[in-house]
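J.:
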Amino acid sequence: MGRPEEEFEVSLLTKLGTVALIISALCQLIGFASSHWIQSVSAEYGVVEYSGLWEKCDDLSIGYHEYQCAGFVWEDFQVSHWFRTIQTMESMGFVGLLATIVFIGMYMFPTPLQGKKGAKRLIIILCILCGVLITVSCIVFASLKNTLRARHMPSSTTELSWSFALSLLGGLGSIATSFLVCFG
Numbered sequence: 001m002g003r004p005e006e007e008f009e010v011s012l013l014t015k016l017g018t019v020a021l022i023i024s025a026l027c028q029l030i031g032f033a034s035s036h037w038i039q040s041v042s043a044e045y046g047v048v049e050y051s052g053l054w055e056k057c058d059d060l061s062i063g064y065h066e067y068q069c070a071g072f073v074w075e076d077f078q079v080s081h082w083f084r085t086i087q088t089m090e091s092m093g094f095v096g097l098l099a100t101i102v103f104i105g106m107y108m109f110p111t112p113l114q115g116k117k118g119a120k121r122l123i124i125i126l127c128i129l130c131g132v133l134i135t136v137s138c139i140v141f142a143s144l145k146n147t148l149r150a151r152h153m154p155s156s157t158t159e160l161s162w163s164f165a166l167s168l169l170g171g172l173g174s175i176a177t178s179f180l181v182c183f184g
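Residue 1 is where the sequence shown starts when you use the UniProt record's numbering, and the numbers rise one by one after that.
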């Protein structure tokens, strides 16, 4: 005869961490999938091209903002390697965030993992790992952004855009979630 099971109660910080994790995953999803990580800007014509992780959009009639988008085809092999690494790290971070959402759900609701310390540790580790992957890939992308400048306009400059900011916010939010769950 075993002892009766105690009721597990989810702390407020863990609930807040769950909300923060879901918001972080949504920010990461939008930033990850959209094509506005960086834009090339000319003083004369404004935005002449913009790109994300998966496609690049060029202003066909420079100055009239008629953009045509296409998937990436890189001629420069050096750019290709670092860019593929960023795509891989962002993908792994996003999939990890999805897995973490599943685990935090299993930790909070009646499942065999409900309230287990091992599950809580796994959630904390996954949040930190995903946050580091996403944040480091954003830092590398920002440091190499000038290699993505519009090649046909040498005087253009590159600026980070809203998709990049959302992805970075998703990574930092994942790290913040780890603290909320840890102290919850």
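C-beta: ideal position from N, C-alpha, C; glycine also.
#1: Could you check if PHE183 is buried or exposed, using at least 16 other CB atoms within 10 Å of its CB as the buried criterion?
#2: Output the boundary residues of the beta strand (DSSP E) element that contains SER51.
#3: Quick check: the stretch 118 to 127 against the stretch 93 to 103, are there 3 or more CB pairs under 8 angstroms?
#4: Helix, strand or coil: which one does DSSP assign to GLU90?
#5: Can the beta-carbon of SER178 be found closer than 8 angstroms to that of ILE124?
#6: Distance, Cα to Cα, ILE22 vs THR157?
#7: At the level of alpha carbons, what is the spacing between SER61 and SER40?
#8: Under a three-way DSSP split, which group does THR157 fall into?
#9: Taking the alpha-carbon of ILE86 as reference, which of SER167, GLY115, LEU13 has the nearest alpha-carbon?
#10: Roughly how many angstroms lie between the CA atoms of residue 186 and HIS36, to the nearest whole one?
#11: What's the gap between the Cα of SER137 and the Cα of THR147?
#12: Please identify the residue among PRO112, GLY31, PHE94 whose C-alpha is closest to the C-alpha of LEU53.
#13: Return the residue from the list LEU26, LYS15, ALA99, ASP58 that minimises the CA-CA distance to ARG149.
#14: Grab me the residues of GLY2's own chain with a C-beta within less than 6 angstroms of its C-beta, minus the 5 sequence neighbours each way, in chain order.
#15: Does the beta-carbon of SER11 have 16 or more other beta-carbons within 10 angstroms, so that it is buried, or is it exposed?
#16: Quick one: which unbroken alpha helix (DSSP H) runs of 4-plus residues sit fully inside the stretch 81 to 132? Chain order, please.
#17: Tell me the rounded alpha-carbon separation between THR14 and SER24.
T.: Concretely, from the data shown:
#1: In the sequence shown, residue 183 corresponds to position 183, counting from 1. PHE183 is exposed by the Cβ-count criterion.
#2: By one-based count along the sequence shown, residue 51 stands at place 51. Note, SER51: beta strand (DSSP E), 46 to 51.
#3: yes
#4: To locate residue 90, count along the sequence shown from 1; it is residue 90. GLU90: helix per DSSP, three-state reduction.
#5: As a first step, residue 178 must be located in the sequence shown, where it is residue number 178. As a first step, residue 124 must be located in the sequence shown, where it is residue number 124. A contact, by the Cβ cut-off of 8 angstroms.
#6: As a first step, residue 22 is located in the sequence shown; it is residue number 22 there, counting from the start. As a first step, residue 157 is located in the sequence shown; it is residue number 157 there, counting from the start. If you take the alpha carbons of ILE22 and THR157, they lie about 34 angstroms apart.
#7: Counting from one through the sequence shown, the residue named residue 61 turns up at place 61. Counting from one through the sequence shown, the residue named residue 40 turns up at place 40. Taking the straight line from one Cα to the other gives about 15 angstroms.
#8: For the purposes of this step, residue 157 is identified with residue 157 of the sequence shown, where counting begins at 1. Note: THR157 maps to strand in three-state DSSP.
#9: The residue labelled residue 86 in the question sits at position 86 within the sequence shown. Taking only the C-alpha atoms, the option nearest ILE86 is SER167.
#10: Past the boundaries of the shown model lies residue 186; the chain is included only from 1 to 184, so the question cannot be answered.
#11: Here residue 137 refers to the residue found at position 137 when the sequence shown is read from its first residue. Here residue 147 refers to the residue found at position 147 when the sequence shown is read from its first residue. Using only the alpha carbons, I get a separation of about 15 angstroms.
#12: One-based indexing of the sequence shown puts residue 53 at position 53. With respect to the C-alpha of LEU53, the residue from PRO112, GLY31, PHE94 having the closest C-alpha is GLY31.
#13: What you label residue 149 is simply residue 149 of the sequence shown in a count that begins at 1. Nearest of LEU26, LYS15, ALA99, ASP58 to ARG149, Cα basis: ASP58.
#14: By one-based count along the sequence shown, residue 2 stands at place 2. For GLY2, the pLDDT reaches just 47, beneath the cut-off of 50, and the residue's location in the model is therefore unreliable, leaving the point undetermined.
#15: Here residue 11 refers to the residue found at position 11 when the sequence shown is read from its first residue. SER11 comes out exposed.
#16: Listed in chain order, there is nothing to give.
#17: If you number the sequence shown from 1, residue 14 lands on position 14. If you number the sequence shown from 1, residue 24 lands on position 24. So the two alpha carbons sit approximately 15 angstroms from each other.
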